[in-house]
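Colleague: Below you'll find the structure I mean.
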Ligand code: ARG
């Protein structure tokens, strides 16, 4: 088979060598973007008089036929044609004859591939953001139903202070909100057109880069042709924001896994988001959450691979850069899938409020409250800490909790105690009173939910 660039060659590579250099097995994913970019390019070539109306219409018609074939899975790609760009060009020439060879006027595969990747990533970043919003909605819905549901809050995975379950879920809402912001921000820098930068230096043809950029919905063009064809920082930004998304999801995944264990029993996952065991009939495993926790690794890996790939590459295009694609596709698929699964999982899970309630009565997570009580009556906090620590010790020795300890012990420990402490020590009171901005107090949580709902309306 003759190569589209075969002119200066006297010998052809063997098929296995071609196969090693080819990107078509994976960059066929870019078929729609490639044709979209070419359609804009042709239109620009006509507008600037580089192609006649007839030529441009013929080429556009041919490209559209190929697009239809692609959508119907009718294209037979070949590794001899290396990548998606040359495969399409070859199909075009087969479809409309030699005039198809005019499509590549004033551009190179280097600006072409960069354009395709920008178009691809813009679309998929937007899709990911919309999946992210669904997950945020699911968190918000569960949160609004559980403002007054109390769980033990932890530090070091030791019970620390009770918190509203809504407050806990909303922590993830806000993490995702920042992730959403990072992706929004990355789109600003991504939405520039590399098209027309040529192989590296621009072109002698009187092209209009602003016009093709506008046709493709870009906000502007890369100002420097070398930069346009050789940087992949737009992918790195996406991958880095995606890594943080996955890091956040993996933390919630871990909590879902713990909460659905026999030890916690805080939640139960819906059957549709859990799996059984092939040997142990009683098992219901939180596989989806585990898998998302696991998939976080490959998203980090893709980021590190691309950073490493680009490190030290001289300007401009180098074939190394062909390796930028699979990681990008994989990150897109992984993040999109994980967000979608997560939204379903959160939406359908059952919250065992009784277990949570019971648990908050069987720990010392109200101890800080007692120290605050003494401090608010004038005792230096450090001293109050000591007094309460001793009371906790008495309880541990008696195998009871602070609410069960008879009042005389309190009175003995400090005359500042009055019998209102039993009200103060109730987990609900403990939570309610943490009414500082951003705290877990019910009023604060309701405020946060209302604010979050406003934010979601703007999306
Ligand atoms: N398949 C190539 C890639 O993905 C397209 C650009 C090829 N350019 C070149 N000068 N060989 O990077």
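In the numbering used here, the protein residues as written are 11 to 469.
Idealized CB from N, CA, C, for every residue including glycine.
(1) Taking the CB atoms as reference points, tell me whether residue 91 and residue 34 lie closer together than 8 Å.
(2) Going straight from the alpha carbon of residue 154 to that of residue 459, what length do you get?
(3) Among the candidates 275, 297 and 271, whose CA atom is the shortest distance from the CA of residue 282?
(4) Could you compute how far the alpha carbon of residue 141 sits from the alpha carbon of residue 150?
(5) Tell me whether residue 18 sits in a helix, a strand or coil according to DSSP, three-state version.
(6) Between residue 279 and residue 270, what straight-line distance do the alpha-carbon atoms span, to the nearest angstrom?
(7) Using alpha carbons as the reference points, say which of 356, 362, 338 and 133 lies closest to residue 146.
(8) Mind checking residue 318: buried by the 16 CB within 10 Å criterion, or exposed?
(9) Since residue 375 and residue 169 should fall inside the 8 Å C-beta cutoff, what is the C-beta to C-beta distance between them, to a whole number of angstroms?
(10) Measure the alpha-carbon distance for residue 400 versus residue 183 and round it to whole angstroms.
(11) If we require 4 or more residues per run, which alpha helix (DSSP H) segments fall completely within the stretch 88-163?
(12) Assuming the contact rule is C-beta atoms closer than 8 Å, residue 267 and residue 300 should be a hit. Round their C-beta distance to whole Å, please.
(13) Whole-angstrom Cβ separation of residue 309 and residue 344, contact assumed at under 8 Å?
(14) Give the DSSP bridge partners of residue 168, in chain order.
(15) Hey, is residue 95 close to the ligand ARG, as in C-beta under 7 Å from one of its heavy atoms?
(16) Check whether the stretch 205-222 and the stretch 101-112 touch, using three or more Cβ-Cβ pairs below 8 Å as the test.
(17) Buried or exposed: where does residue 491 fall if 16 or more other Cβ atoms within 10 Å of its Cβ makes it buried?
(18) What three-state label does DSSP hand residue 252 in the structure shown?
(19) Nearest CA to the CA of residue 122: which residue from 172, 139, 433 and 96?
(20) For the alpha helix (DSSP H) that contains residue 78, what are its first and last residues?
(21) Residue 242: buried (16+ other C-beta within 10 angstroms of its C-beta) or exposed?
(22) Rounded to a whole number of angstroms, what is the C-alpha to C-alpha distance between residue 388 and residue 364?
(23) What do you reckon, is the C-beta of residue 7 under 7 Å from a heavy atom of the ligand ARG?
(24) According to DSSP, is residue 360 helix, strand or coil?
(25) Note down, in chain order, each residue of its chain lying with its Cβ closer than 6 Å to the Cβ of residue 85, except the 5 sequence neighbours on either side.
(26) Relative to the C-alpha of residue 414, which candidate in 189, 426 and 377 has its C-alpha closest?
(27) Residue 247 and residue 130 - do their beta-carbons sit closer together than 8 Å?
(28) Just checking my contact of residue 176 with residue 455 at CB under 8 Å: how many whole Å lie between their CB atoms?
(29) Could you pull the start and end residues of the alpha helix (DSSP H) that residue 318 belongs to?
(30) Can you tell me whether residue 128 is buried or exposed, with buried defined as 16 or more other CB within 10 angstroms of its CB?
(31) Output yes or no for whether 8 Å exceeds the beta carbon distance between residue 215 and residue 125.
(32) Cβ-heavy atom distance between residue 332 and the ligand MG below 7 Å?
(33) Identify whether residue 202 lies in helix, strand or coil by the three-state DSSP scheme.
(34) Assign residue 288 to one of three DSSP states: helix, strand, or coil.
(35) Straight-line CA distance for residue 476 to residue 50?
(36) Under 8 Å: do the stretch 284-296 and the stretch 310-329 share three or more Cβ pairs, one atom per stretch?
Modeller: According to the structure shown:
(1) yes
(2) 7 Å
(3) 297
(4) 14 Å
(5) helix
(6) 7 Å
(7) From the listed residues 356, 362, 338 and 133, the smallest Cα separation to residue 146 is found for 356.
(8) exposed
(9) 5 Å
(10) 39 Å
(11) 94-106 and 119-155
(12) 6 Å
(13) Rounded, the Cβ-Cβ distance is 6 Å, consistent with contact.
(14) 165
(15) yes
(16) no
(17) This structure leaves residue 491 out entirely; the chain is present only between 11 and 469.
(18) Helix.
(19) 96
(20) 63-81
(21) buried
(22) Those two C-alpha atoms are separated by around 37 Å.
(23) Outside the shown range of the chain (11 to 469) lies residue 7, about which nothing can therefore be said.
(24) strand
(25) 79
(26) 377
(27) no
(28) 5 Å
(29) It spans 297-320 - the alpha helix (DSSP H) in which residue 318 sits, taken as one unbroken run.
(30) buried
(31) no
(32) With respect to the ligand MG, the structure shown offers nothing to examine, as its ligands consist of the ligand ARG.
(33) Three-state result, residue 202: strand.
(34) coil
(35) One cannot answer for residue 476 here, as it falls past the ends of the chain, which runs 11 to 469.
(36) no
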